[in-house]
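A short write-up of the structure that comes next.
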């Protein structure tokens, strides 16, 4: 792809806070017109990355270009070309929905006539019309979410950065929110979104996984699942916690984690009967053991577990 086909390009992007490295030499490319999902545990550098890409936080080193604008050299055209929805929504609770949108329209230098027309369009697109004169403070969280998205997209930016936009909202609001994102992407918008919800990640065109400030995996949802190493088994066993501890002690088990009321166990070699024998010899009753296809959650859990074990090993080796 040519440079014009990337909506986000970073090279060695780094941010330090005193002695702490929040983002460590991030090199990333996101295709224009895609929905890019940014995954990772809390503190992995996702929000810091977004704030740098939006021009809100100066990098310690490295460079980034968003929608063709260098984030340090061209801050004003960068600001006009993107919409940003933070985790806290950044709304004014003592203003009505309409007044909030009018305020943000002014921030983006929209003239009164086009702004009024654009607010009406946003009301229809996000189904906000019935709440236009309501105080924002009185709205349920799911409706505040829509207002925040409306403020971010009011000036019709080609790029949207959304930092955990569905955190804490109900499933119906989450589903509608993603229907709106899909329609925006079909219309040509590029969307960069952080999420902890795996069914949301499945809806993204491309995913990046962060851990400890590093990008540790990137690809389509299908490609990440296809690259899952080893053989994954669903294990229904009792007592469950004892089964988990026993599985993790076995040297031929790559990973074991609880998923609901069962275990997901990864084996480097396809030998489920050996797993069954070892668990039963540890006093665990195995009621069901079957091979399954990995989900994105399996991929995410294993990627993080492998990194955590590597970090623990490095600390142990340094003592």
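Residue numbers (the numbering used here): 71 to 389.
Just so it is clear, CB atoms sit at the ideal spot from N, CA and C, and this is done for glycine as well.
Every value quoted in this text rests on a predicted model; they were computed, and no experiment measured them.
Cross-strand partners of residue i (DSSP beta bridge)
i	result
residue 154	231
residue 59	The first residue shown for the chain is 71 and the last is 389, placing residue 59 beyond what the model contains.
residue 317	According to DSSP, which records beta bridges pairwise, residue 317 is partnered with nothing at all.
residue 261	105 and 230
residue 376	Looking at the DSSP assignment, residue 376 forms no beta bridge with any residue, so it has no partner.
residue 306	358
Assigned secondary structure, residue i (DSSP; H/G/I helix, E/B strand, else coil)
i	result
residue 281	strand
residue 83	strand
residue 225	coil
residue 370	helix
residue 245	helix
residue 161	coil
residue 144	coil
residue 275	coil
residue 329	strand
residue 339	coil
residue 293	helix
residue 166	strand
residue 97	strand
residue 287	strand
residue 324	coil
Rounded straight-line distance, which links the Cα of residue j to that of residue i
i	j	result
residue 325	residue 205	50 Å
residue 250	residue 344	48 Å
residue 228	residue 267	25 Å
residue 304	residue 146	52 Å
residue 347	residue 288	37 Å
residue 401	residue 380	For the chain, the structure presents residues 71 to 389; residue 401 sits outside this window and is missing.
residue 160	residue 141	22 Å
residue 374	residue 284	12 Å
residue 294	residue 164	45 Å
residue 189	residue 224	7 Å
residue 353	residue 359	16 Å
residue 96	residue 309	43 Å
residue 109	residue 371	11 Å
residue 191	residue 238	26 Å
residue 235	residue 270	11 Å
Limits of the beta strand (DSSP E) - the one that residue i falls within
i	result
residue 107	105-109
residue 121	Careful: residue 121 lies outside any beta strand (DSSP E), inside the alpha helix (DSSP H) at 116-123.
Enclosing alpha helix (DSSP H) for residue i [first to last residue]
i	result
residue 183	182-196
Problem set entry | Stretch pair the stretch 211-220 + the stretch 150-170: three plus CB contacts closer than 8 Å | The way I'd put it, the stretch 211-220 does touch the stretch 150-170; three or more beta-carbon pairs between them come closer than 8 Å.
Problem set entry | Segment contact, 8 Å Cβ cut-off, at least three pairs: the stretch 314-322 with the stretch 269-286 | Cβ pair count under 8 Å is below three, so no.
Exercise. So does the stretch 241-260 actually touch the stretch 80-89, counting three or more Cβ pairs closer than 8 Å?
Worked result: Contact fails between the stretch 241-260 and the stretch 80-89, because fewer than three Cβ pairs, one in each stretch, are under 8 Å apart.
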